[in-house]
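Residue numbers (our numbering), protein chains in the order written: chain P, 26 to 277; chain S, 184 to 503; chain L, 74 to 582.
C-beta: ideal position from N, C-alpha, C; glycine also.
The block underneath contains the structure these notes are about, expressed in structure tokens.
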Amino acid sequence: MPVGLSLSGVSRHFDGRGGRVAALSGVSLEVAPGAFTALIGPSGCGKSTLLRLAVGLDLPDAGRVSVGGLSPAEAARKGLTGIAFQDAALLPWRSVEDNIALPFDVLRRPHDAARIAELIALVGLTGFEKALPGELSGGMRQRVAIARALVNDPEMLFLDEPFGALDQILRRQMNVELQRIWMESRTTTLLVTHGIDEAIFLADRVVVMAARPGRIARVIDIPFPRPRRAELFGTPEFAALEAEIAGALDGH
Amino acid sequence: MTLSLDRRLFLGLAGAAALMPMRGRAATPFAFQASWINDAEFAGYFLAADNGYYTAEGLDLTYLSGGPDVIPESTLITGRADLTLTTPDTTIKAITEQGAPFKIIGAQYQKNPLGIVSLAKAPINEPKDLIGKTLAVPPVNVISVEAMLAANGITRNQLTIVPYAYDPTPLIRGEIDASVDFTTNVPYTIKLAGEEATSFLLYDHGYTVFNDTVVVTEDVLASRRGELVAFLRASRKGWEENLVDPAKYPPTWADTWFAGTGREIDNEVFFNTAQKPLIEAEGGIFAMSEDAIAANIEALAKVGIAATRDHFDTTLLEEI
Amino acid sequence: MAIRAILALALWELVGRLALVAGGALPAPSAIAIRFWADRGDYPMHVWATMQGAGIGFLIGNLVAVLAGVLFAVSPVAARLARGVNIAIFALPAIAIAPILTLMTTGMTPRVILAALGCYFVTMTATVTGITQADARMRDVIRAYGGGRLASLRLVELRSAVPQILGALRIAAPAAVLGSILAEFGGGGRFGLGAYLIGSLGRADPARLWGIGLAATVLAGVGYAVFAMIAARVTASTVAVTVAATPPAGDAPRPLWQRAALAAGSVLLPFAVWWGLIAASGAPAMIAKTPMALVDYLMLPNKAGERILDALAQTLPITAVGIALGLGFAFALALGSVLRPGIVRAFMPVALVTQTMPLVALTPLLVLIFGRGPSVILWITVSVTFFPAFVTMAQGLQMVARSALDVPRAYGASPWTVLRLVSIPASAPYVFAALRLAVPRALLGVMTAEWLATGTGLGNLLNQSRGYLDYGMIWTVAVLSVLLSVFFYQVVVWIERRVLARLGMTTAA
Numbered sequence: 026m027p028v029g030l031s032l033s034g035v036s037r038h039f040d041g042r043g044g045r046v047a048a049l050s051g052v053s054l055e056v057a058p059g060a061f062t063a064l065i066g067p068s069g070c071g072k073s074t075l076l077r078l079a080v081g082l083d084l085p086d087a088g089r090v091s092v093g094g095l096s097p098a099e100a101a102r103k104g105l106t107g108i109a110f111q112d113a114a115l116l117p118w119r120s121v122e123d124n125i126a127l128p129f130d131v132l133r134r135p136h137d138a139a140r141i142a143e144l145i146a147l148v149g150l151t152g153f154e155k156a157l158p159g160e161l162s163g164g165m166r167q168r169v170a171i172a173r174a175l176v177n178d179p180e181m182l183f184l185d186e187p188f189g190a191l192d193q194i195l196r197r198q199m200n201v202e203l204q205r206i207w208m209e210s211r212t213t214t215l216l217v218t219h220g221i222d223e224a225i226f227l228a229d230r231v232v233v234m235a236a237r238p239g240r241i242a243r244v245i246d247i248p249f250p251r252p253r254r255a256e257l258f259g260t261p262e263f264a265a266l267e268a269e270i271a272g273a274l275d276g277h
Numbered sequence: 184m185t186l187s188l189d190r191r192l193f194l195g196l197a198g199a200a201a202l203m204p205m206r207g208r209a210a211t212p213f214a215f216q217a218s219w220i221n222d223a224e225f226a227g228y229f230l231a232a233d234n235g236y237y238t239a240e241g242l243d244l245t246y247l248s249g250g251p252d253v254i255p256e257s258t259l260i261t262g263r264a265d266l267t268l269t270t271p272d273t274t275i276k277a278i279t280e281q282g283a284p285f286k287i288i289g290a291q292y293q294k295n296p297l298g299i300v301s302l303a304k305a306p307i308n309e310p311k312d313l314i315g316k317t318l319a320v321p322p323v324n325v326i327s328v329e330a331m332l333a334a335n336g337i338t339r340n341q342l343t344i345v346p347y348a349y350d351p352t353p354l355i356r357g358e359i360d361a362s363v364d365f366t367t368n369v370p371y372t373i374k375l376a377g378e379e380a381t382s383f384l385l386y387d388h389g390y391t392v393f394n395d396t397v398v399v400t401e402d403v404l405a406s407r408r409g410e411l412v413a414f415l416r417a418s419r420k421g422w423e424e425n426l427v428d429p430a431k432y433p434p435t436w437a438d439t440w441f442a443g444t445g446r447e448i449d450n451e452v453f454f455n456t457a458q459k460p461l462i463e464a465e466g467g468i469f470a471m472s473e474d475a476i477a478a479n480i481e482a483l484a485k486v487g488i489a490a491t492r493d494h495f496d497t498t499l500l501e502e503i
Numbered sequence: 074m075a076i077r078a079i080l081a082l083a084l085w086e087l088v089g090r091l092a093l094v095a096g097g098a099l100p101a102p103s104a105i106a107i108r109f110w111a112d113r114g115d116y117p118m119h120v121w122a123t124m125q126g127a128g129i130g131f132l133i134g135n136l137v138a139v140l141a142g143v144l145f146a147v148s149p150v151a152a153r154l155a156r157g158v159n160i161a162i163f164a165l166p167a168i169a170i171a172p173i174l175t176l177m178t179t180g181m182t183p184r185v186i187l188a189a190l191g192c193y194f195v196t197m198t199a200t201v202t203g204i205t206q207a208d209a210r211m212r213d214v215i216r217a218y219g220g221g222r223l224a225s226l227r228l229v230e231l232r233s234a235v236p237q238i239l240g241a242l243r244i245a246a247p248a249a250v251l252g253s254i255l256a257e258f259g260g261g262g263r264f265g266l267g268a269y270l271i272g273s274l275g276r277a278d279p280a281r282l283w284g285i286g287l288a289a290t291v292l293a294g295v296g297y298a299v300f301a302m303i304a305a306r307v308t309a310s311t312v313a314v315t316v317a318a319t320p321p322a323g324d325a326p327r328p329l330w331q332r333a334a335l336a337a338g339s340v341l342l343p344f345a346v347w348w349g350l351i352a353a354s355g356a357p358a359m360i361a362k363t364p365m366a367l368v369d370y371l372m373l374p375n376k377a378g379e380r381i382l383d384a385l386a387q388t389l390p391i392t393a394v395g396i397a398l399g400l401g402f403a404f405a406l407a408l409g410s411v412l413r414p415g416i417v418r419a420f421m422p423v424a425l426v427t428q429t430m431p432l433v434a435l436t437p438l439l440v441l442i443f444g445r446g447p448s449v450i451l452w453i454t455v456s457v458t459f460f461p462a463f464v465t466m467a468q469g470l471q472m473v474a475r476s477a478l479d480v481p482r483a484y485g486a487s488p489w490t491v492l493r494l495v496s497i498p499a500s501a502p503y504v505f506a507a508l509r510l511a512v513p514r515a516l517l518g519v520m521t522a523e524w525l526a527t528g529t530g531l532g533n534l535l536n537q538s539r540g541y542l543d544y545g546m547i548w549t550v551a552v553l554s555v556l557l558s559v560f561f562y563q564v565v566v567w568i569e570r571r572v573l574a575r576l577g578m579t580t581a582a
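Rendered as structure tokens:
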């Protein structure tokens, strides 16, 4: 049963050489159970800070963050969350299947071999089960990271610029695949990205953030029905939404 | 290099921790700390052990080899050994200056084998010849040499003293003019290198002290008197038999006591032969005559070591 | 390369045959080989005994080092508290504590302890570095699934530290061999290459001494090679690990009173460990001196203080000169490695031999060549200090960013100008790291030479007090040499911080 994510009045600041930086200031955001939300904004707008708070890697100075009514750390320990990072962050000494199984080791659960095999098939890596990350291409590594994020059947999925390091063509392919995977699981998903097209293509809702201090500038609903196809990228409606978000990013 | 271990070698290695336990029937454990690595200096004890003289006396002997960092007296203090061989000057100095509870109960060398060794082609025949020369002295023996020099009216700054690192090569190469070493040992090596050696004993020029004095702590003397006499008796028997023919036994120890020492058996035979007149005594091996003790006290007084008669205990020798 | 090696051997043979060096002190390789063959029956038992001492010490030392490294990586407070102990172990001149170990323990123990001490520092620092430098993203993955510090250690950090640790084991293996041999030389055992050496010194046979020295070199080299191979196999890539010279700092922002308490604890801990070990050993007070007993000893009217000051006046100046020459030579060689790599490569085998041959074997040979004056001390000191310093500085010169080198090159600068403008200033942190490495090694070299060659200074004082049963002095010299080493180390660190801060650089490992 997918759970929701809730941030209310969250602030986080860091002390640096140039004085105090307000990475997030009074941010409130509700992600409904089963929704796909994209977070977009210029660098320094606090979107990565927000994600770290939601995952429990960091604590807010003020405000409250909850995942399905629990604190992020509690939710993580219960195995409610799944996460994929920008640079895959695979353990180089583990094979593809062992990397995917890592959350089981952390959560001290038995390895579910059937589930792992299923996910390897889902991300199209059948035949590479025993390969080491160093032997895979960047796109393949990213797909391993996504399989790993899904392996514990999370209720809440966090994706931190998972395709940021890929080229445009590969990225579009991965977008289509991610949508297919998501439609099968319908997990609550928060995607942090700096690609406007990626955000529109994948999300039900795009949250646009602004910097100094980090805050939510606008929330834009995406009306396209699913499954969305690659042709969507070329439509005038898509271009109009892109222009609207770009405008929001520029502060309009 | 392949390491194939046969049984003998393995047994040898089992003693790599310097231990050579001799198991006997219901024998009392007794640990003996030698003052140097295994060479002919300790031939009498090797023979006594091999022939079972210690076992016959009811002793289960543990033989501990020595080395440069091993201070024989220290093993008595820590209780690792019951009896050891020392140089009398350091032992008595430790008694008088640090209150160490030692007693000298016998002397292996009636005459200290330490001497001034030089090459025959540039001989140093008496102390006066040392003036203006370079002499290598083991740092431990500097006091002894200074005593000998003083007894002969030579001051320390009339010659150059450098440390001696157990290696006669500098003498053979002429880098130094003479060295202080066991006259029983080093002339052999010099001969091997194609040179002829000449030497004189410090003992014959005023430094009339024993060497390898047999030392125990007062505690052990009080509590283990019977075992000490037994050790002296068995060791004397071993020494007497060994000295009958000094060439006889060293070759038989090539694979046991002398295994891996890096020294030649011929060297040990030379050593054993040369030490015979220094060990043999009228009162039997280990004897300490009143005259000899008086001479020791007198010689040590010259280097400021206040030896007295009661540092020496001759009563155990009488019980042998 | 092969041709060069053959040429070098041929030259050596010629020099040996004609007895060109010190009337035959450098024997021809053929003479060494013939002697070795004649002695072949002796070697297995000695090599085996050395392997036992070094092997057990290697296991214990590295096990303790990894456990300590994990503790220091996890707890900055523990790292800060143990800093004093760590520096003391790093700076410990083995030659000064070998007699103490022989005094306090028996049998294999001194060998094992010296071998273990030789391994500890390098492996401990590598473990800390490996753990703290583990990929932060991988750690985040573990934490994101609710994994704590232990899960992170178990699944990510220990495993990512493996290449670093293996790299350290490579350096620890020869160190263990040398530690064991030094203890064997003095400790009174019958077997071991060190024991063989002491028996052979009186033979006046340089070929035997060379044989033993080279056997030790091969043993140490094999240890290095085995772990280099394992490292290459496991990590599928080699990690450049140099000899570490910085203990984990454990510095974190905390209140002044806490920092002061930790600093005081760090200074006191080595003394507490010393006192505790003596209490635990139960050794008699005449032999085992506690810190208080040493203070009492120095108060006695026995002129101990005077003798120590005299010895220091002999030892310290020549140590300083030796370090300066060793580092100067290393720096010149490091520059050479950039300008003319070929010359340096040809020189490397000789350099390796001087590092892995036990000093107690090398010193008598050098005495024959250089005599017994101050020059032999300097030669020995230079030979033990220059190599690690060279490796560290050469690495520093090579680490300079390519783009930084390309700028002057683009303006047509010569290699020398590039060195002068970019490489040399950029390698400053490595010069300091080399200096920190050199200090304890220099003391080891000087004291060995003083003991076996010149009969001066602290080395001689140590040897003499051993002969005179002057236990107070034996301990004083040992403690003093450690304190001196630590003091020099701290002075270097102090200067380094200021200089590097001015240059806007950070400390190199």
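Q. Roughly how many angstroms separate the alpha carbons of S310(L) and F300(L), rounded to a whole number?
A. Residue placement at S310(L) is flagged as unreliable, the pLDDT there being 44, under the threshold of 50; the coordinate-derived value follows with that caveat. S310(L) and F300(L): Cα-Cα distance of roughly 13 Å.
Q. Should I287(S) be flagged as near chain L, meaning a C-beta pair shorter than 7 Å?
A. no
Q: Answer yes or no: do A101(L) and R113(L) have a C-beta to C-beta separation smaller than 7 Å?
A: no
Q: For P346(S), write down the residues that DSSP places opposite it in a beta bridge.
A: V320(S)
Q: Please check if any C-beta of chain P sits within less than 7 Å of the C-beta of R539(L).
A: no
Q) Which residues in the same chain have their Cβ closer than 6 Å to the Cβ of K374(S), if we skip the five residues on either side of it in sequence? A) none
Q | Interface residues of the segment 287-305 of chain L facing chain S [CB-CB below 7 Å] | A | none
(Q) With the cut-off set at 7 Å, would you say A522(L) and V449(L) are in Cβ contact? (A) yes
Q) Taking the alpha helix (DSSP H) that Q458(S) falls in, what are its first and last residues? A) I448 to I462
Q: Might you give, ordered along the chain, the residues of its own chain that have their beta carbon closer than 7 Å to the beta carbon of V158(L), omitting 5 neighbours on each side?
A: L342, P343 and V346
Q: Mind checking who D246(P) pairs with in its DSSP beta bridge?
A: R230(P)
Q | Ordered list of beta strand (DSSP E) runs contained in the segment 232-300 of chain L, each at least 3 residues | A | none
Q) For G252(L), which residues in chain S fall below 8 Å Cβ to Cβ? A) The premise fails here: G252(L) is roughly 14 Å from chain S at the closest Cβ pair, so nothing lies under 8 Å.
Q: For chain P, find out if any of its Cβ atoms is closer than 7 Å to the Cβ of M578(L); answer yes or no.
A: no
**Q.** Amino acids of chain L, ordered along the chain, whose beta-carbon sits closer than 8 Å to that of E481(S)
**A.** Correct list: empty, because the minimum Cβ distance to chain L is about 21 Å.
Q) Which residues, in order along the segment 174-192 of chain L, keep a beta-carbon less than 7 Å from a beta-carbon of chain S? A) T175, L176, T179, G180 and M181
Q | C-alpha distance - R140(P) paired with M234(P), whole-angstrom precision | A | 36 Å
Q. By Cβ distance below 8 Å, which residues in the same chain neighbour P172(L) in space, the five residues on each side in sequence not counted?
A. G259, L535, R539, I547 and A551
Q. Beta-carbon of P261(P) versus every beta-carbon of chain L: anything under 7 Å?
A. no
**Q.** Short CB-CB distance (under 7 Å) between I108(P) and chain L
**A.** yes
Q) Where does L87(L) fall in DSSP's three states? A) helix
Q: Can you say whether V55(P) is buried or exposed, counting buried as having 16 or more other CB atoms within 10 angstroms of its CB?
A: Looking at the sequence shown, residue 55(P) is not Val but Glu. Burial call: exposed.
Q: Can you have a look at P346(S) and say buried or exposed, based on whether 16 or more other CB atoms are within 10 angstroms of its CB?
A: buried
Q | Residue-chain proximity (L30(P), chain L), Cβ-Cβ < 7 Å | A | no
Q: Mind listing the chain S neighbours of A171(L)? Cutoff is C-beta to C-beta under 9 Å, in chain order.
A: D252
Q. CA-CA distance, R237(P) and I238(L)?
A. 44 Å
Q: Measure from the C-beta of I453(L) to each C-beta in chain P and report whether the shortest distance is under 7 Å.
A: no
Q) Considering only residues of the same chain and omitting the five flanking positions on each side of L438(L), which have a CB-CB separation below 8 Å? A) A98, L99, P279, L282, W283 and G286
Q: Could you check how far apart the C-beta atoms of P414(L) and A164(L) are, in whole angstroms? I think they sit under 8 Å.
A: Incorrect: roughly 33 Å between the Cβ atoms, too far for contact.
Q: Check the Cβ-Cβ distances between P526(S) and every residue of chain L, and say whether any is below 7 Å.
A: Nothing can be reported for residue 526(S), as the shown portion of chain S is limited to 184 through 503.
(Q) Which runs of the alpha helix (DSSP H) at least 4 residues long sit entirely within the segment 160-231 of chain L? Give them in chain order. (A) 167-177, 182-205, 209-217 and 222-225
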